[in-house]
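Have a look at the structure below, then the notes.
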Amino acid sequence: MNIYAEEIISHYEHPHNKGKIANASVDFHEYNPTCGDDITVYLDIRDGKVRDAKFDGQGCAISMASASMLTDEIKGKSMAELEKTGVKELIELIGIDPGPARLKCATLSLKAIKKALFLYQHKEVDDSTKEL
Ligand code: ZN
1 MNIYAEEIIS
11 HYEHPHNKGK
21 IANASVDFHE
31 YNPTCGDDIT
41 VYLDIRDGKV
51 RDAKFDGQGC
61 AISMASASML
71 TDEIKGKSMA
81 ELEKTGVKEL
91 IELIGIDPGP
101 ARLKCATLSL
111 KAIKKALFLY
121 QHKEVDDSTK
131 EL
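As structure tokens, this is what we get:
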């Protein structure tokens, strides 16, 4: 087994940032029907930065390990930095090429985080609109 596969297993067995954030700024649930992976991400956003990130759910080793690594990675990042994080960055982060069959597993948490961000930004627009 190579070192990257070991890291995937290690994150799967001992996931980082697993759980919920009470009063999260935003959360988003995402499901991957081809594998059955089920993830909800929670983001605590303050002053335009991710103060805390957690995930909850269940799924295969790749989906869980990538959620664990990604939530580690995005803590402290700004909204702009998060927007620049795409599939290519995620693949570099997890250190393996999941291949087409497992790509959806690997990107599920990224997709959930992107959608949460989108939702959050719209919420901000609504809040500022209310003040006008
Ligand atoms: Zn999966």
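So the sequence shown is numbered by the numbering used here: it starts at 1 and just counts up by one.
In this text, a Cβ means the ideal position worked out from N, Cα and C, and glycines have one as well.
Take residue i as the anchor and find which of the options has the nearest alpha-carbon.
i, options, result
"Asp-52", "Tyr-12, Phe-28, Lys-20", "Lys-20"
"Lys-77", "Asp-37, Gly-48, Ser-25", "Gly-48"
"Leu-43", "Ala-67, Thr-34, His-11", "Ala-67"
"His-29", "Gly-57, Thr-71, Cys-35, His-16", "Gly-57"
"Arg-102", "Asn-32, Lys-18, Val-41, Ala-22", "Asn-32"
"Lys-84", "Lys-111, Pro-15, Lys-18", "Lys-111"
With distances taken between CB atoms, is the gap from residue i to residue j smaller than 7 Å?
i, j, result
"Tyr-4", "Gly-86", "no"
"Tyr-12", "Met-69", "no"
"Leu-117", "Leu-82", "yes"
"Phe-55", "Thr-34", "no"
Does any heavy atom of the ligand ZN sit closer than 6 Å to the C-beta of residue i?
i, result
"Asp-37", "yes"
"Gly-59", "yes"
"Ser-78", "no"
"Ser-63", "yes"
Express the C-alpha separation of residue j and residue i in angstroms, rounding to a whole number.
i, j, result
"Ile-45", "Gly-99", "32 Å"
"Leu-119", "Val-26", "7 Å"
"Ser-109", "Ile-39", "7 Å"
"Gly-36", "Ile-9", "18 Å"
"Leu-90", "Lys-104", "12 Å"
"Gln-121", "Val-41", "16 Å"
"Glu-7", "Asn-23", "31 Å"
"Ala-133", "Pro-15", "Any question about residue 133 goes unanswered here, given that the chain covers just 1 to 132."
"Asn-17", "Asp-97", "23 Å"
"Ala-80", "Gly-59", "29 Å"
Report, in whole angstroms, the separation of the C-beta atoms of residue i and residue j, which I expect to be a contact under 8 Å.
i, j, result
"Ile-62", "Ile-113", "So it is not a contact: roughly 16 Å between Cβ atoms."
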